[in-house]
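Those letters in the sequence shown? Residues 322 to 428, by the working numbering.
Structure record follows, encoded as structure tokens.
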Amino acid sequence: MTTFDDREQAFENKFAHDQEMAFRITARRNRLLGQWAAGLMNLTAAEADGYAKSVVQADFEEAGDEDVIRKLLGDLTTAGVDIDDARIRAALDAKTIEARRQLMEGK
Numbered sequence: 322m323t324t325f326d327d328r329e330q331a332f333e334n335k336f337a338h339d340q341e342m343a344f345r346i347t348a349r350r351n352r353l354l355g356q357w358a359a360g361l362m363n364l365t366a367a368e369a370d371g372y373a374k375s376v377v378q379a380d381f382e383e384a385g386d387e388d389v390i391r392k393l394l395g396d397l398t399t400a401g402v403d404i405d406d407a408r409i410r411a412a413l414d415a416k417t418i419e420a421r422r423q424l425m426e427g428k
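Shown next, in the form of structure tokens:
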């Protein structure tokens, strides 16, 4: 049964690694989204860093991306930025690709 146990352990390790990478990609994506939104709101560098962290934190409210989208839409609208749900979702997709690329390159 050693071969079976080894294969099972390998699958468990791969699953754990894949889950960790997915989490890291999402966290990096949310940080990039926060920086993007901070730029639209003309925040200072210090404010932008704090805002990006708040976007990462917002993702822990519920499963999925709706909590992040809701936060960005509300904050950008409150700041007077003319934006809609579709533009935020497009940025979400673009930042997901960028986050994955950055992590694969080891940045």
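Yeah, the Cβ is synthetic: ideal placement off N, Cα and C, and Gly gets one too.
Note that the coordinates shown come from a computational prediction; the quantities given were computed from them, not determined experimentally.
Quick one: what does DSSP say residue i is sitting in, helix, strand or coil?
{"i": "A400", "result": "coil"}
{"i": "M342", "result": "helix"}
{"i": "D326", "result": "helix"}
{"i": "G395", "result": "helix"}
{"i": "E365", "result": "For the sequence presented, residue 365 should be read as Thr rather than Glu. Reduced to three states, the DSSP call for T365 is coil."}
{"i": "G385", "result": "coil"}
On a CA-only basis, which of the options is nearest residue i? Give me that one, please.
{"i": "A358", "options": "A343, K374, R345, A384", "result": "K374"}
{"i": "I390", "options": "R422, G401, I404, R410", "result": "R410"}
{"i": "A407", "options": "L393, V376, A369, T365", "result": "L393"}
{"i": "G355", "options": "A420, D370, D403", "result": "D370"}
{"i": "R350", "options": "E426, G427, A412", "result": "A412"}
{"i": "T417", "options": "E329, G395, R352, D339", "result": "R352"}
{"i": "D403", "options": "L361, E329, A343", "result": "L361"}
Would you please state the rounded distance, in angstroms, between the beta carbons of residue i and residue j? I believe it to be under 8 Å.
{"i": "A415", "j": "I346", "result": "Actually they do not touch by this definition, with Cβ atoms about 13 Å apart."}
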